[in-house]
Amino acid sequence: MLITDYLTQNAQKWPHDVALIERVPEKKIRRELTWLEFEKEANQVSHFLQAQGIESGDRVAILMTNRLEWLPIYFGILKRGAVVVPLNFRFEGPTIEKCLSFTQAKMLFFEPMFNAILAEIQPHLPQLTIWVAVPTCEEGAEDLPDFAKFYSTVIANQPTTPLEI
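Sequential numbering of the sequence shown, starting at 1496, is according to my numbering.
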């Protein structure tokens, strides 16, 4: 059984139970995803990857802190059959560039807190053609670099059904 099968199984058994919680106490923020919402968002990510030409075995990187969207993105990449390249959010620009170049990642999901670093290294990564910004609740589209797409926009119209691979 694949790890993604466990997500699907949990979404079927406990669709309305809370699966993920993100808390930011100092800002009085609490966000939750049920198992069904988690499954649907992961499916939307996998459909988006397919629509962008990401094939089985392609590398897709994640440069984010511990956020609610991190796991649906991770599982969506796996559901597509791609390889997840999780990057440590503490990495500095040269290390991020080296990792992305070495792994030949074709897509990157990132938080806007990395905009300045990514703007510097983006011209040096020609194989990385799809950049997706995943802003926090407080950040908006105005924080989007000109070379990136907006996460909620790119998954919004994607099917929530499982992707057949």
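Note that beta-carbon positions come from the ideal geometry of N, C-alpha and C, so glycine has one too. In this text, all values refer to a predicted model and were calculated from it rather than measured experimentally.
Practice task
Say whether the stretch 1549-1560 touches the stretch 1519-1531, bearing in mind that this needs 3 or more beta-carbon pairs closer than 8 angstroms, one atom from each stretch.
Solution key: Too few Cβ pairs lie closer than 8 angstroms, so no.
Exercise for the section: Identify the continuous beta strand (DSSP E) that holds Val1580 and give its terminal residues. Expected result: Segment Val1578 to Pro1581, the beta strand (DSSP E) holding Val1580.
Problem - DSSP beta-bridge partners of Ala1628 - result: Ala1628 has Phe1605 and Phe1645 as its beta-bridge partners, per DSSP.
Practice task
Establish whether the CB of Trp1509 and some CB of chain D are separated by less than 9 angstroms.
Solution key: Annotation note: the requested chain D is absent from the structure, which comprises a single protein chain.
Handout entry: As assigned by DSSP and simplified to three states, the class of Ala1600
Key = The answer is coil: DSSP assigns Ala1600 none of H, G, I, E or B.
Practice task
Compare the beta carbon distance of Phe1586 and Ala1614 with 9 angstroms and say whether it is the shorter of the two.
Solution key: No, the pair does not count as a contact, with Cβ atoms beyond the cut-off.
Problem - Spatial neighbours of Thr1503 in its chain, beta-carbon cut-off 8 angstroms, leaving aside the 5 residues before and after - result: If we look at Thr1503 and ignore the five residues flanking it on each side, its Cβ neighbours are Glu1534 and Pro1657.
Practice task
List the endpoints of the continuous alpha helix (DSSP H) containing Thr1529.
Solution key: It is not in any alpha helix (DSSP H) - Thr1529 instead sits in the beta strand (DSSP E) that spans Ile1524 to Thr1529.
Problem - Residues of its chain near Thr1598, where Cβ-Cβ distance is below 6 angstroms and the 5 sequence neighbours each way are ignored - result: Here the set comprises Arg1554 and Val1580.
Practice task
Please go through the same chain and pick out, in chain order, the residues whose beta-carbon is closer than 6 angstroms to the beta-carbon of Asn1610, but skip the five residues on each side of it.
Solution key: Only Pro1640 meet the Cβ criterion.
Handout entry: Cβ-based burial, Thr1590 [other Cβ within 10 Å; buried from 16]
Key = Per the 10 Å Cβ criterion, exposed.
Exercise for the section: Report the residue from Pro1630, Ala1628, Met1608 and Leu1603 whose alpha carbon sits nearest the alpha carbon of Gln1622. Expected result: Closest option to Gln1622, judged by alpha-carbon separation, among Pro1630, Ala1628, Met1608 and Leu1603: Leu1603.
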